[in-house]
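K.L.:
In our numbering, the protein residues as written are 244 to 791. Where a beta carbon is used, it is the ideal one built from N, C-alpha and C, also for glycine. Pasting a structure here, questions to come.
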């Protein structure tokens, strides 16, 4: 048929550029599973899996342009089944009633709630008159009243009397679903206590996870000791992932200035860390003739930078954004060691496939969406500039400034719709704030953090931390200054649920497809933006229990 022949030729012309589409179709399958309003049974997974297997077999037996469509169908089916398997893998008992009584468990996490209460995550939980098979594997308890968290240590077994409830779902249609979030965290109940917390048993000889958690807590405590106040909380946030030291006012300034992303340990921090370690080692080893003449210093520096990135991942707590950033950095460094192009859309696609395979639920989070939106946009724009021989505007000595300006503009435009949908706000002066803050993060904060880590065993870490504090103080001042401008932030309603997926598909078509047909994505982008014009918000909200 002429139509199929034309489609076959069009897909053949895209050979060598189709790998970046793999995570897109995998995401379509994952999103389809989470969009269901009912839990599919085994027969559904068998049917979807069978269709995917047949599609993959057809692609192998009949290679050619149309085989790409079969692989796309196989990836959609794989994403659907992968999300279902992950949901089953993390399944555990969930409390189905309001509990009040003794609570006992081992501390595996210490943080603070939005109301600044110390919050403990416990495993190996024991609840009164509850069989082990019905007891949640993990619970989270907020400590209200006069509780001092300074003496609490990871691995300590504690007991108290408190209240526990099942994790609640979204407070309105389309809102944040804490119940689903808790399911994938393994939390079967959340609650609080106002009573005394007793130590039932001290930490024992636990595994590496407890040792790393204790190291994180010790590092956070030391930073707050050297840098009291918000600067210390900021330092802990960008190193150990603990944001409990950031007060609400400073957090609001950072959000209004669109620099709150500097708190999250994501691609920016991991990239700056890896880049600093790589550059220092490569240039340092080049000064030693015995090494520079016998070894490939570029590959040696990449290997050590990978070790540094792995340590950063461990001490940061390993959340989804940090895992994504680590995988991106690891793919880039391994490419350097294998003499391949380090930064490309292919490496971004490989990182996305790994993240979605390990944590399919990450697709629904703003962290995954914003980080990959920014990364794909930046790699795509700079790739077009490289292929066309374009350079940054202005004389060469202005390129660092124009590079930060262009990067902030591209990343800001790519992430603005995602942020507007999840947080219902747009920062109008974020470009200026990022232009003043991001260079400080790369030139002072991250290098000082690396120096502090190196000096830590010698007891001289305060030198690096004080220098780090200077940079963080500047970033906070910029955020406060920009947030105080008139009209710094606007609030928007949430769009229709279909708007963001359509917007992503349109933007990806423009960036990933080769040739003039890429502009087919432009109408999709416009249609998605129209989804903000007619948002459907209920006039009355009724709680699921009917009590409110």
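Using a 10 Å radius around the Cβ and a threshold of 16 neighbouring Cβ atoms, would you call residue 451 buried or exposed?
P.N.:
So residue 451 ends up on the exposed side.
K.L.:
Run the CB neighbour count on residue 425, radius 10 Å, all protein chains shown included, and call it buried at 16 or more, exposed below.
P.N.:
Classification of residue 425: buried, given that the 10 Å Cβ count is 16 or more.
K.L.:
What residue range is occupied by the uninterrupted alpha helix (DSSP H) comprising residue 351?
P.N.:
Run containing residue 351: none in the alpha helix (DSSP H); it sits in the beta strand (DSSP E), 342 to 355.
K.L.:
Could you tell me whether the segment 727 to 742 touches the segment 764 to 783, using the rule of 3 or more Cβ pairs below 8 Å?
P.N.:
Yes, since at least three Cβ pairs between the segment 727 to 742 and the segment 764 to 783 fall closer than 8 Å, the two stretches touch.
K.L.:
Look at residue 689 and residue 512 and say whether their C-beta atoms are less than 8 Å apart.
P.N.:
For residue 689 and residue 512, yes; Cβs fall inside 8 Å.
K.L.:
Assign residue 613 to one of two classes, buried (16 or more other C-beta atoms within 10 Å of its C-beta) or exposed (fewer than that).
P.N.:
Result: buried.
K.L.:
According to the Cβ coordinates, are residue 560 and residue 510 closer than 8 Å?
P.N.:
Cβ distance not < 8 Å, so residue 560 and residue 510 don't count as in contact.
K.L.:
Assuming residue 692 and residue 482 are in contact, meaning their beta carbons sit under 8 Å apart, how far apart are those beta carbons, in whole angstroms?
P.N.:
Confirmed, Cβ separation roughly 6 Å.
K.L.:
If we require 4 or more residues per run, which alpha helix (DSSP H) segments fall completely within the segment 463 to 516?
P.N.:
DSSP runs (the alpha helix (DSSP H)) wholly in the segment 463 to 516: 473 to 482, 491 to 499.
K.L.:
Can you name the start and end residues of the alpha helix (DSSP H) that residue 404 belongs to?
P.N.:
Careful: residue 404 lies outside any alpha helix (DSSP H), inside the beta strand (DSSP E) at 400 to 408.
K.L.:
Judging by CA-CA distance, which residue of 353, 338, 660, 360 is the nearest neighbour of residue 769?
P.N.:
Closest by alpha carbon: 660.
K.L.:
DSSP beta-bridge partners for residue 366?
P.N.:
349, 381, per the DSSP bridge assignment.
K.L.:
For a test of your reading of the model: does the CB of residue 756 fall under 7 Å from any non-hydrogen atom of the ligand COA? Yes or no.
P.N.:
Here there are no bound small molecules, and the ligand COA is not part of this structure.
K.L.:
Which residue or residues does DSSP assign as beta-bridge partners of residue 526?
P.N.:
Bridge partners of residue 526: none, in fact.
K.L.:
Could you pull the DSSP bridge partners for residue 733 from this structure?
P.N.:
Note: residue 733 sits in a beta bridge opposite 669.
K.L.:
Counting only runs that start and end within the segment 575 to 643, where is the alpha helix (DSSP H) found for 4 or more residues in a row?
P.N.:
The qualifying runs are 588 to 601, 609 to 630.
K.L.:
Determine the direct distance from the alpha carbon of residue 727 to that of residue 516, and round the result to whole angstroms.
P.N.:
So the two alpha carbons sit approximately 31 Å from each other.
K.L.:
In three-state terms, what does DSSP make of residue 386?
P.N.:
Looking at residue 386 - three-state DSSP - the assignment turns out to be strand.
K.L.:
Taking only the alpha-carbon atoms, compute the straight-line gap between residue 763 and residue 654 and give it to the nearest angstrom.
P.N.:
Cα to Cα, residue 763 sits roughly 22 Å from residue 654.
K.L.:
Can you name, in chain order, every residue of its own chain whose Cβ lies under 8 Å from the Cβ of residue 598, other than the five neighbours on each side?
P.N.:
Excluding residues within five positions, the ones whose Cβ falls inside 8 Å are 563, 566, 567, 570, 605, 611.
K.L.:
Nearest to residue 385 by CA position, among 353, 411, 379, 579, is which residue?
P.N.:
Considering only alpha carbons, the answer is 353.
K.L.:
Taking the alpha-carbon positions, what's the residue 330 to residue 679 distance?
P.N.:
Cα to Cα, residue 330 sits roughly 42 Å from residue 679.
K.L.:
Check whether the Cβ atoms of residue 829 and residue 335 lie closer than 8 Å to each other.
P.N.:
Any answer about residue 829 is impossible in this case: the structure gives the chain only from 244 up to 791.
K.L.:
Find the nearest neighbour of residue 505 within the set 664, 724, 526, 478, judged by alpha-carbon distance.
P.N.:
Taking only the C-alpha atoms, the option nearest residue 505 is 478.
K.L.:
For residue 588 and residue 550, which I take to be in contact (beta-carbon distance under 8 Å), what is that distance rounded to the nearest angstrom?
P.N.:
Going by Cβ atoms, the distance from residue 588 to residue 550 rounds to 27 Å, so no, they are not a contact pair.
K.L.:
If we cut at 8 Å on Cβ distances, does residue 265 have a partner in chain D?
P.N.:
The question asks about chain D, but that chain is absent: this structure has only one protein chain.
K.L.:
Since residue 395 is in the beta strand (DSSP E), which residue starts that stretch and which ends it?
P.N.:
Looking at the DSSP string, residue 395 is not in any beta strand (DSSP E), and its letter there is neither H nor E.
K.L.:
CA-CA distance, residue 720 and residue 458?
P.N.:
Near 30 Å, if we compare the C-alpha coordinates of residue 458 and residue 720.
K.L.:
Can the beta-carbon of residue 552 be found closer than 8 Å to that of residue 540?
P.N.:
Cβ atoms of residue 552 and residue 540: not closer than 8 Å.
K.L.:
Pull the bridge partners of residue 749 from the DSSP assignment, please.
P.N.:
Note: residue 749 sits in no beta bridge, so no partner.
K.L.:
Taking Cβ positions, are residue 574 and residue 593 nearer each other than 8 Å?
P.N.:
In contact: residue 574 and residue 593 (Cβ atoms closer than 8 Å).
K.L.:
Using a Cβ-Cβ cut-off of 7 Å (strictly less than) and excluding sequence neighbours within five positions of residue 470, which residues of its own chain qualify?
P.N.:
These residues qualify, in order along the chain: 478, 708, 712.
K.L.:
With residue 788 as the anchor, note down where its beta strand (DSSP E) starts and where it stops.
P.N.:
Per DSSP, residue 788 belongs to no beta strand (DSSP E) and is neither H nor E.
K.L.:
Taking the straight line between their C-alpha atoms, what separation do you get for residue 578 and residue 601?
P.N.:
C-alpha separation (whole angstroms): 21 Å.
K.L.:
Pick helix, strand or coil for residue 772, following the three-state DSSP scheme.
P.N.:
Residue 772 falls in the helix class under three-state DSSP.
K.L.:
On the premise that residue 436 lies in contact with residue 398, defined as a C-beta separation below 8 Å, what is that separation, rounded to the nearest angstrom?
P.N.:
Wrong, their Cβ atoms sit about 20 Å apart, outside the cutoff.
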